[in-house]
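Q:
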Amino acid sequence: MPQTVSPKLNSVYQKPAQVKIAVIGLGYVGLPLAVEFAAKQEVVGFDVNAKRIQGLLTGFDRTREVEAERLQAVLSPTGKLFCTDDPESLTDCNVFIVAVPTPTDKHNRPDLRLIKEASVLVGKALKKGGLVIYESTVYPGVTEDECVPVLEATSGLKFNRDFFAGYSPERINPGDKEHTLVNIKKITSGSTPEAAVFVNELYQTIVIAGTHLAPSIRVAEAAKVIENSQRDINIAFVNELAKIFNLMGIDTGEVLEAASTKWNFLKFKPGLVGGHCTGIDPYYLAQKAQEVGYHPEIILAGRRLNDGMGAYIALEVIKLMVKKDIPVKNAKVLILGFTFKENCPDVRNTRVIDIIRVFEEFETDLTVYDPWADPEEVKQEYGFATLNHPEQLKNNYDAIVLAVAHQEFQELDLHQLKNQQRAIIYDVKGALKAGEADGRL
Numbered sequence: 011m012p013q014t015v016s017p018k019l020n021s022v023y024q025k026p027a028q029v030k031i032a033v034i035g036l037g038y039v040g041l042p043l044a045v046e047f048a049a050k051q052e053v054v055g056f057d058v059n060a061k062r063i064q065g066l067l068t069g070f071d072r073t074r075e076v077e078a079e080r081l082q083a084v085l086s087p088t089g090k091l092f093c094t095d096d097p098e099s100l101t102d103c104n105v106f107i108v109a110v111p112t113p114t115d116k117h118n119r120p121d122l123r124l125i126k127e128a129s130v131l132v133g134k135a136l137k138k139g140g141l142v143i144y145e146s147t148v149y150p151g152v153t154e155d156e157c158v159p160v161l162e163a164t165s166g167l168k169f170n171r172d173f174f175a176g177y178s179p180e181r182i183n184p185g186d187k188e189h190t191l192v193n194i195k196k197i198t199s200g201s202t203p204e205a206a207v208f209v210n211e212l213y214q215t216i217v218i219a220g221t222h223l224a225p226s227i228r229v230a231e232a233a234k235v236i237e238n239s240q241r242d243i244n245i246a247f248v249n250e251l252a253k254i255f256n257l258m259g260i261d262t263g264e265v266l267e268a269a270s271t272k273w274n275f276l277k278f279k280p281g282l283v284g285g286h287c288t289g290i291d292p293y294y295l296a297q298k299a300q301e302v303g304y305h306p307e308i309i310l311a312g313r314r315l316n317d318g319m320g321a322y323i324a325l326e327v328i329k330l331m332v333k334k335d336i337p338v339k340n341a342k343v344l345i346l347g348f349t350f351k352e353n354c355p356d357v358r359n360t361r362v363i364d365i366i367r368v369f370e371e372f373e374t375d376l377t378v379y380d381p382w383a384d385p386e387e388v389k390q391e392y393g394f395a396t397l398n399h400p401e402q403l404k405n406n407y408d409a410i411v412l413a414v415a416h417q418e419f420q421e422l423d424l425h426q427l428k429n430q431q432r433a434i435i436y437d438v439k440g441a442l443k444a445g446e447a448d449g450r451l
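Position in the sequence shown (from 1) plus 10 gives the number in the working numbering.
(1) Between residue 432 and the rest of its own chain, which residues show a CB-CB distance below 8 Å, the 5 nearest in sequence each way excluded?
(2) Once the 5 residues before and after residue 271 are set aside, which same chain residues still bring their CB inside 7 Å of it?
(3) Which same chain residues, not among the five before or five after residue 130, have their C-beta less than 7 Å away from its C-beta?
(4) Grab me the residues of residue 312's own chain with a C-beta within less than 6 Å of its C-beta, minus the 5 sequence neighbours each way, in chain order.
(5) In chain order, what residues of the same chain have a beta carbon less than 6 Å from the beta carbon of residue 219, not counting five sequence neighbours either side?
(6) My understanding is that residue 151 touches residue 352, with C-beta atoms under 8 Å, so please give their C-beta distance in whole angstroms.
(7) Express the C-alpha separation of residue 69 and residue 91 in angstroms, rounding to a whole number.
(8) What does DSSP give as the partner residue(s) for residue 94 in the beta ladder?
(9) Look at the Cβ atom of residue 449, then the Cβ atom of residue 330, and state whether they are nearer than 8 Å.
(10) Spatial neighbours of residue 289 within its chain, please: CB distance less than 6 Å, with the 5 preceding and 5 following residues excluded, ordered by chain position.
(11) Restricting to Cα atoms, I'd like to know which of 306, 259, 441 is closest to residue 346.
(12) Does residue 8 come out as helix, strand or coil in the three-state DSSP assignment?
(13) What are the boundary residues of the beta strand (DSSP E) that residue 437 is part of?
(14) Excluding the 5 residues flanking residue 73 on each side, which residues of the same chain have their C-beta closer than 6 Å to its C-beta?
(15) Return yes when the Cβ of residue 124 is within less than 8 Å of the Cβ of residue 110, no when it is not.
(16) May I ask you to report which of helix, strand or coil DSSP gives residue 364?
(17) Just the Cα atoms here: how many angstroms apart are residue 259 and residue 403?
(18) Extract the residue ranges of the alpha helix (DSSP H) inside the stretch 130 to 212, only unbroken runs of 4 or more that lie entirely within it.
(19) Quick one, are the C-beta atoms of residue 227 and residue 175 less than 8 Å apart?
(20) Measuring straight from C-alpha to C-alpha, what distance separates residue 62 and residue 380?
(21) Tell me residue 450's beta-bridge partners as DSSP assigns them.
(22) I need the DSSP call for residue 375, collapsed to helix, strand or coil.
(23) Pairs of beta-carbons, one from the stretch 73 to 85 and one from the stretch 39 to 48, closer than 8 Å: are there three or more?
(24) Can you tell which of 21, 80, 85, 71 has the C-alpha that lies nearest to the C-alpha of residue 52?
(25) Is the beta carbon of residue 327 closer than 8 Å to that of residue 280?
(26) Residues in its own chain within less than 8 Å of residue 9 by CB, not counting five upstream and five downstream?
(27) Using a threshold of 8 Å, state whether the C-beta atoms of residue 205 and residue 23 are closer than that.
(28) Tell me which residue opens and which closes the beta strand (DSSP E) that residue 222 is part of.
(29) Rounded to the nearest angstrom, what separates residue 25 and residue 208 at their Cα positions?
(30) For residue 100, does the three-state DSSP call read helix, strand or coil?
(31) How long is the line joining the alpha carbons of residue 254 and residue 265, rounded to whole angstroms?
(32) Among 132, 392, 119, whose alpha-carbon lies nearest the alpha-carbon of residue 108?
(33) To the nearest angstrom, how far is it from the Cα of residue 341 to the Cα of residue 371?
(34) What are the boundary residues of the alpha helix (DSSP H) that includes residue 332?
(35) Measure the C-alpha to C-alpha separation of residue 94 and residue 128 and round it to an integer number of angstroms.
(36) Who are residue 120's beta bridge partners in DSSP?
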């Protein structure tokens, strides 16, 4: 008679004899992960976007997070990274890392649709002894309360007996070539002590900066979601200061420069807060807080203030135009930059759109120039055309708004682009020298 293994012994995670990793989602987070792991072992990189896979197979990363030479070096057949949109390719994997977006809906409520779809995908390939690690930003409890039940239902396996989970939040800063995946300390966690140790050791193989093993998945989830919430609140504070000092006729940049001479002053700059992290994460924390019976005040107040900055900037520009007797209707307005931050092609949740919408309401003749943004993507997501070559620009703009501080804009002569009779230059990012702009935050 075969010996029966007790449930207690069966609940101990055992490291597989041969680890084969699948990274689900090959965007700003997933691709760098897949490339780093593929430098050491076989990795399946999966994405549902067939066009994305085709681009990667040519050795080109449209997010510009991974250099072509580095990507080509790890791609199969000569390298260990196999990129695919075929779910069948996941069946031999025993460690799954989920790195898909977790956006909000039009009501700013967490949208877990993509992470649940990824869980279904993984569940179909999951076998006994498997481990699923989530990197997507979520509120505390999503991994075990939302994703694990999907894995169980799809796979027919039992959590912490047949398969295990981990959470290691991404800390990718798009466009930042200094603070990269391997140079930022990584938070790790697991659903059992043994699984947690394995997750920690797995990331230690690629992260030079080291790891921090959190005591639970929920602690790791909470740590991630407060990182960007803290940043959001700090920026909201200086945005409010910018509004106050503008009414007083004081230059906010000069105030911050003076205040930052104190050793413990945190020098945040005013501006638009968009992107897929800082502009989103506070809503995830707020949602969970409300579910447990607490209505967050500071977090949501900061969000409201930051969400209103685009409209504020547009109206400030219009005020300056009126003061110079520049008719607003049909005025030729140039917006420099559309991505959510400088030197990055990511247009997700860009708040430059809020500036544009106000100018559209005033029926201006609008031009948006961004050498980093993909015009096709902008057209599909936001419904209007952008320019991406400087030769397409004219030299008769009544108002120029420097919304994003791309490096290419340093080479532009804004005064040659403007209407020489009378025009406004507004500097959202504080990137221009003193006296070059008619106004700035």
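Glycine residues also receive a C-beta, built at the ideal position from the N, C-alpha and C atoms.
These figures come from a predicted structure and were not determined experimentally.
A: On the basis of the data shown:
(1) Within its own chain, the residues whose Cβ lies closer than 8 Å to the Cβ of residue 432, once the five positions on either side in sequence are excluded, are 334, 335, 336, 408, listed in chain order.
(2) Excluding positions up to five away in sequence, the list is empty.
(3) The residues are 160, 164.
(4) For residue 312, the CB contacts under 6 Å within the same chain, skipping 5 residues up- and downstream, are 242, 243, 246 in chain order.
(5) Closer than 6 Å at the Cβ level, and outside the excluded window around residue 219, lie 193, 194, 195.
(6) About 35 Å separates the two Cβ atoms, so there is no contact after all.
(7) Straight through space, the alpha carbons of residue 69 and residue 91 are spaced by roughly 12 Å.
(8) According to DSSP, residue 94 shares a beta bridge with 56.
(9) Going by beta carbons, residue 449 and residue 330 fall inside the 8 Å limit.
(10) For residue 289, where only same-chain residues beyond five positions count, the Cβ hits under 6 Å are 283, 359.
(11) Of 306, 259, 441, the residue nearest in Cα terms is 441.
(12) In the structure displayed, the chain extends from 11 to 451; residue 8 sits before or after that span and is not available.
(13) Element bounds for residue 437: 434 to 437.
(14) Excluding positions up to five away in sequence, the list reads 38.
(15) Taking 8 Å as the Cβ cut-off, residue 110 and residue 124 qualify as a contacting pair.
(16) Helix.
(17) Annotation: residue 259 to residue 403 spans about 33 Å, alpha carbon to alpha carbon.
(18) List check, alpha helix (DSSP H) in window: 158 to 165.
(19) Yes, they are a contact pair.
(20) The straight-line gap from Cα to Cα measures roughly 22 Å.
(21) Beta-bridge partners of residue 450 (DSSP): 437.
(22) It is a strand residue.
(23) Taking 8 Å as the limit for Cβ pairs, the verdict is that the stretch 39 to 48 does touch the stretch 73 to 85.
(24) Shortest Cα-Cα distance from residue 52 to any of 21, 80, 85, 71 involves 85.
(25) No; because the gap between Cβ atoms is not below 8 Å, this pair is not in contact.
(26) Residue numbering for the chain in the displayed model covers 11 to 451; residue 9 lies beyond these limits and cannot be assessed.
(27) The criterion of a C-beta distance shorter than 8 Å is satisfied by residue 205 and residue 23.
(28) Run containing residue 222: 221 to 223, per the beta strand (DSSP E) assignment.
(29) Each residue's Cα considered, the two are about 7 Å apart.
(30) Looking at residue 100 - three-state DSSP - the assignment turns out to be helix.
(31) Taken atom to atom, the span from the alpha-carbon of residue 254 to that of residue 265 is near 12 Å.
(32) For the options 132, 392, 119, the alpha carbon positioned closest to that of residue 108 is the one of 132.
(33) In a straight line, the C-alpha of residue 341 is about 12 Å away from that of residue 371.
(34) 319 to 333 is the extent of the alpha helix (DSSP H) around residue 332.
(35) Near 15 Å, if we compare the C-alpha coordinates of residue 128 and residue 94.
(36) For residue 120, the beta-bridge partners assigned by DSSP are 114.
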